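A.B. asks:
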Amino acid sequence: MPLTVITPIVLLFLILGSGAWVGLGLMGVGISSLALFRSIPVDKVLSQAVWNGLASPELVALPLFILMAELLFRSRFVDGLFRAIEPWVRNLPGGLLHTNVLGCTFFALISGSSAATTSAVGKITYGELTRRGYDKRAAMGSLAGAGTLGFLIPPSVIMIIYGVLSQTSVLKLFAAGIVPGLMLCLMFMGWLVMRALIVRDTPRAESADSRGLWTERFTALRSLAPFLVLMGVLLGSMYGGLASPSEAAALAVVTTMGIMAAEGTLTLRAIIDSCIGTARVASMLGLIIAAASFLSTAMGFLGLPQAIAGQIQSLNLSPLGLIALLLVIYIILGCFLEGMSLIVMTLPIALPLVTAAGYDKVWFGIFLIIAVEMAQITPPVGMNLFVVQGLTGESLATITRAVVPFFLIMVAMVFLLAGFPAIVDWLPGMID
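Position in the sequence shown (from 1) plus 86 gives the number in my numbering.
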């Protein structure tokens, strides 16, 4: 490969590996590479790329969804989810371990962050599971694995960013994530059922007569009322054609504050902390988006995407073989890079390859998000592993071993989607 290809790649790994801010590191790579190999006004390229990257109207939804998640994190929302789910799963093989999976799935429907989903659900479920005698490794693995659904099930912060960078409809991406997300939920629960039938270490469920249990189940569903209201406002307004994603996010923030006011958790301190948290996360993501736009432009001037794409195309892989190769690359990169870096580094190279193989941009978005989910649970930089470690105090090695089955389920899910792209495409196809 020419020096114009090798140098930016080496610089990228050196700068990001040094612990520098991702946004500044990406800008540094782009500026250095253009200064070394191209005689063009770098300052003008930088300013134009940053403006183009941040001028998308769809980015307005980003801080609003983050604010909604920050507010929910400080409410009693997850407590209600646990109370509603617990009677329904108590007598299943695996018992209350399913509250981790279903709790993360429900919370992901109104939160766009994997780490926030894992933390919010884990604070309620992990202590309850260990108190009742459930295996710690099973509890940690199901929490870390299911917590990744915060990225896949809409609304998703990372879907918005991918949509902006790839010029793909965010609304179609949201629709595309629903079916794969629910399928992963069922596959995770299926594994917990199989494990319980093999290991047989699930604590005995509390005894109750059939009539009393069903009464308890339907009574507990009242706790889902805030969730149903919020989901109805958020998803109903978008897919009902009443609001754009940005407008729906604004409505959801107002609804969340109303729910918190009704339950008595809408305090001035909660609002201030949520706004500060939102400002921090949104600023960080804004810097990364701006830097990613510039880096993509710089790499185009250097011809790096075309060079790497040409090398991969020379292998003459089948579409499924290409997906397998990309998955291996993403798994390896995910061990060293967090999800946002993974997307901005590879998107200009991988997207043309995948679309040339017959997959569309919406499908690739879901593939890429599942790859990012895997990065969330692969050491040494898997964010969900650190969240669970903070909740449990267990070693990273113990948590990593616990999450292996869920990682393998995600790998199987990728090949299932590659073999049957309609799983992703049919619901977005219903949106004009």
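Note that CB positions come from ideal geometry on N, CA and C, so glycine has one too.
The structure displayed is predicted, hence computed values, not measured ones.
Please tell me whether V250 and S142 are closer than 7 Å, where the distance is taken between their beta carbons.
C.D. replies: Yes, the Cβ-Cβ distance between V250 and S142 is below 7 Å.
A.B. asks: Measuring CB to CB, does R121 end up less than 7 Å from T383?
C.D. replies: Residue identity differs from the one stated: residue 121 is Ala in this sequence, not Arg. Taking 7 Å as the Cβ cut-off, A121 and T383 do not qualify as a contacting pair.
A.B. asks: Can you tell me which of the three DSSP states Q462 falls into?
C.D. replies: Helix, per DSSP.
A.B. asks: Less than 6 Å between C-beta atoms, sequence neighbours within five positions excluded: which residues of the same chain meet that for L235?
C.D. replies: Cβ neighbours of L235 beyond the five flanking positions: C190, T191, A194, G267.
A.B. asks: Between the region 279-289 and the region 179-187, are three or more C-beta pairs nearer than 8 Å?
C.D. replies: As far as the Cβ criterion goes, the region 279-289 touches the region 179-187, which means the pair count is three or higher.
A.B. asks: Pull up the distance between the alpha-carbon of A377 and that of I429, whole angstroms please.
C.D. replies: Those two C-alpha atoms are separated by around 12 Å.
A.B. asks: Please determine if the region 492-506 and the region 218-236 are in contact, where contact requires at least 3 C-beta pairs separated by less than 8 Å.
C.D. replies: Segments in contact, yes.
A.B. asks: Indicate whether the contact test is met: 3 or more Cβ pairs, each with one atom in the region 402-416 and one in the region 143-159, closer than 8 Å.
C.D. replies: Cβ pair count under 8 Å is below three, so no.
A.B. asks: May I ask you to report which of helix, strand or coil DSSP gives T254?
C.D. replies: In this structure, T254 counts as coil in the three-state DSSP scheme.
A.B. asks: With a CB to CB cut of under 6 Å and the five nearest residues on each side skipped, what residues in its chain are close to E302?
C.D. replies: Within the same chain, E302 has close Cβ partners P173.
A.B. asks: Would you give the residue range spanned by the alpha helix (DSSP H) that G420 belongs to?
C.D. replies: Start and end: 405-420.
A.B. asks: To the nearest angstrom, how far is the alpha carbon of A483 from that of K447?
C.D. replies: Near 36 Å, if we compare the C-alpha coordinates of K447 and A483.
A.B. asks: Sorted by chain position, which residues of the same chain lie with C-beta nearer than 7 Å to V128's C-beta, five sequence neighbours on each side aside?
C.D. replies: For V128, where only same-chain residues beyond five positions count, the Cβ hits under 7 Å are I117, L120, A121.
A.B. asks: Would you mind stating whether L477 and G208 have Cβ atoms separated by less than 7 Å?
C.D. replies: In contact: L477 and G208 (Cβ atoms closer than 7 Å).
A.B. asks: Expressed to the nearest angstrom, what Euclidean distance is found between the alpha-carbon atoms of A442 and P507?
C.D. replies: Each residue's Cα considered, the two are about 15 Å apart.
A.B. asks: Taking W107 as part of the alpha helix (DSSP H), name the residues at either end of that continuous run.
C.D. replies: From DSSP, W107 is part of no alpha helix (DSSP H); its letter is neither H nor E.
A.B. asks: Roughly how many angstroms lie between the CA atoms of C421 and G389, to the nearest whole one?
C.D. replies: In a straight line, the C-alpha of C421 is about 27 Å away from that of G389.
A.B. asks: With distances taken Cα to Cα, identify the nearest neighbour of V108 among M431, F450, L89.
C.D. replies: Taking only the C-alpha atoms, the option nearest V108 is M431.
A.B. asks: Can you tell me whether DSSP reads D221 as helix, strand or coil?
C.D. replies: The answer is coil: DSSP assigns D221 none of H, G, I, E or B.
A.B. asks: If I measure Cβ to Cβ from V489 and keep anything under 6 Å in the same chain, skipping five residues before and after, which residues do I get?
C.D. replies: Taken in chain order, the residues that qualify are G227, A230, G231, I463.
A.B. asks: Helix, strand or coil for E349, going by three-state DSSP, please let me know.
C.D. replies: Looking at E349 - three-state DSSP - the assignment turns out to be helix.
A.B. asks: Which residue from V256, S400, R169, I362 puts its Cα closest to that of R308?
C.D. replies: The shortest C-alpha separation from R308 is found at R169.
A.B. asks: Please classify K130: is it buried, with 16 or more other beta-carbons within 10 angstroms of its beta-carbon, or exposed?
C.D. replies: By the neighbour-count rule (16 or more Cβ atoms within 10 Å), K130 is not buried but exposed.
A.B. asks: Which residues in the same chain as L403 place their Cβ atom closer than 7 Å to its Cβ, once the five residues preceding and following it in sequence are excluded?
C.D. replies: For L403, where only same-chain residues beyond five positions count, the Cβ hits under 7 Å are L411.
A.B. asks: Can you give me the start and stop residues for the alpha helix (DSSP H) that V467 sits inside?
C.D. replies: Premise fails: V467 is in no alpha helix (DSSP H) and is neither H nor E.
A.B. asks: List the whole-angstrom C-beta distance separating I244 from F237, where the pair is believed to meet the contact cut-off of C-beta under 8 Å.
C.D. replies: Confirmed, Cβ separation roughly 5 Å.
A.B. asks: Thinking M280 and M499 are a contact (beta carbons under 8 Å), I'd like their distance in whole angstroms, please.
C.D. replies: Wrong, their Cβ atoms sit about 16 Å apart, outside the cutoff.
A.B. asks: What does the alpha-carbon distance come out to for the pair L371 and A147?
C.D. replies: Computed Cα separation, rounded: 13 Å.
A.B. asks: Applying the 10 Å Cβ sphere with the 16-neighbour rule, what's the burial state of L314?
C.D. replies: Burial call: exposed.
A.B. asks: Between L158 and S197, which are expected to be in contact by the criterion C-beta below 8 Å, what is the C-beta distance as a whole number of angstroms?
C.D. replies: Indeed they touch by this definition, with Cβ atoms about 6 Å apart.
A.B. asks: Just confirm the distance between the C-beta atoms of I519 and I394, as a whole number of angstroms; I'd bet it's less than 8 Å.
C.D. replies: Residue 519 lies beyond the residue range present for the chain, which begins at 87 and ends at 518; the question has no answer from this structure.
A.B. asks: By DSSP, does L401 sit in helix, in strand, or in coil?
C.D. replies: DSSP places L401 in coil when its eight states are reduced to three.
A.B. asks: Whose C-alpha, out of I152, K222, L153, is nearest the C-alpha of N186?
C.D. replies: The shortest Cα separation from N186 among I152, K222, L153 belongs to K222.
A.B. asks: Quick check: the Cα distance between F387 and R124, rounded to an integer number of angstroms?
C.D. replies: Distance between the alpha carbons of F387 and R124: 8 Å.
A.B. asks: Of the residues V497, S379, V339, A329, which one's Cα is nearest the Cα of G139?
C.D. replies: For G139, the nearest C-alpha among the options comes from S379.
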